[in-house]
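Just so we're aligned: 51 in the working numbering is position 51 of the sequence shown, and the numbers increase by one with no gaps anywhere. By construction, the Cβ of each residue, glycine as well, lies at the ideal position given by its N, Cα and C atoms. Below is one structure, written out as structure tokens; comments come after it.
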Amino acid sequence: MSYNIMRTAKIKDRAAITSTASHNFRIRHQGNIDANRTPLNRVLWNPLNVNLTKADDLQKAITGRYEALGVKERKNSVLAQEFVISASPEFFEGLSQEKVAIWAEHQLKFMKNEFGDNLQIAVLHLDEKTPHLHFLLSCEEKSLKVYKNRHGTTKKETYGLNAKRWGPDFLRDLHTRHAAHNEKLGLKRGKPNSKAVHKPLKEYYKELEQLRLRMVGRVNQLEMLPELVGIIEVLADAIEHLDPPNQYLGKVARFASRIAEKAKNQEHGGPAPQTPRGGGGGGG
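Written out as structure tokens, the structure is:
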């Protein structure tokens, strides 16, 4: 069974909007993308006519929108909300580009229906391991204020920034509606109220790069063992915290954990691993 995947995060400053645009529009170099496939990426929705070659143009467009509406910003206002939508990797296995495009348009339709004029950007990424969509929302909300005086009643429309309406209860129900929207595609909702926490992929890359740098220059396999165990544990942790779960990767995680545990036991007094033939074991 393949699952829907939907994640969201608040963006509270303009620098973060620019960083998001730089990632989504592929303005900066990123190690986890296949540059040969980047031309396959598509911008599906861009009502503000953002210049996709300038990283700061998205935040300028959103700022201009807020100014035009007379939005009053507060110190801790959420300036934008980002959603990432994807599905289990196995859902995309063998799927043609045409069918991936149909899936993407189906998600765009859902987000338009849910968020209307707040939806400002939708980008389809096909140059990473699993196809996914980034959606960026502005957070303005219209309200009607009523003023009374001796001459009668006056009504005035005003705008403020309000991302609180997209709180935990809303998001839980949103996931349920999203799953219902995707039933005809064979996708299923993940477990409600799951305790699994999504760890950004860039954090795993950072940890793995730190391990790699510590191993540079080491030639003895036994000397490298603790570092190799660390790599296995990082990968196992990444797999086990996927939400929704993946049965195939789950098996890999369990297998990796057993390897790590065995290696630890060997390191702390258990049977020493055999040095491979041809390895720099030395000896007399």
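- Following the DSSP letters along the chain, one finds Lys75 in no beta strand (DSSP E), marked with neither H nor E.
- Comparing alpha carbon positions, the residue from Met6, Ser2, Met1 closest to His175 is Met6.
- In this structure, Ala9 is the residue among Ser2, Ala9, Asn4 with its C-alpha nearest to the C-alpha of Pro168.
- Within the same chain, Leu137, Ser138 come within 6 Å of Asn118 by CB-CB distance, once the 5 residues on both sides are set aside.
- Apart from the 5 residues on each side of it in sequence, Val43 sits with its Cβ closer than 6 Å to the Cβ of Val123 in its chain, given in chain order.
- Linking Gly64 to Asn51 through their CA atoms gives a straight-line distance of about 14 Å.
- Distance check between Lys112 and each of Leu187, His23, Pro47, Lys142 places Pro47 closest, using alpha-carbon atoms only.
- It is roughly 18 Å from the alpha-carbon of Leu126 to the alpha-carbon of Tyr3.
- In the DSSP annotation of this structure, the continuous segment of the alpha helix (DSSP H) that includes Ile102 starts and ends at 97-115.
- Counting C-beta atoms within 10 angstroms of its own C-beta, Phe170 has fewer than 16 neighbours from the protein chains shown and is therefore classed as exposed.
- When secondary structure is reduced to three states using DSSP, Leu171 falls in the helix class.
- The segment 68-84 makes contact with the segment 147-160, as at least three CB pairs between them are under 8 Å.
- Ser88 is the residue among Lys184, Ser88, Phe135 whose C-alpha sits nearest the C-alpha of Met1.
- Taking a C-beta distance under 7 Å as the contact criterion, Ala55 and Ser22 qualify as a contact pair.
- Residues Gln81 of the same chain have their beta carbon placed closer than 7 Å to that of Trp166, with the five preceding and five following residues left out of the count.
- Leu144 and Lys109 have their C-alpha atoms some 28 Å from each other.
- Looking at the DSSP output, Trp166 sits in no beta bridge, so it has no partner there.
- Taking 8 Å as the upper bound for CB-CB distance, Phe135 and Phe83 are in contact here, some 4 Å apart.
- A straight line joining the alpha-carbon of Gly94 with that of Asn49 spans about 34 Å.
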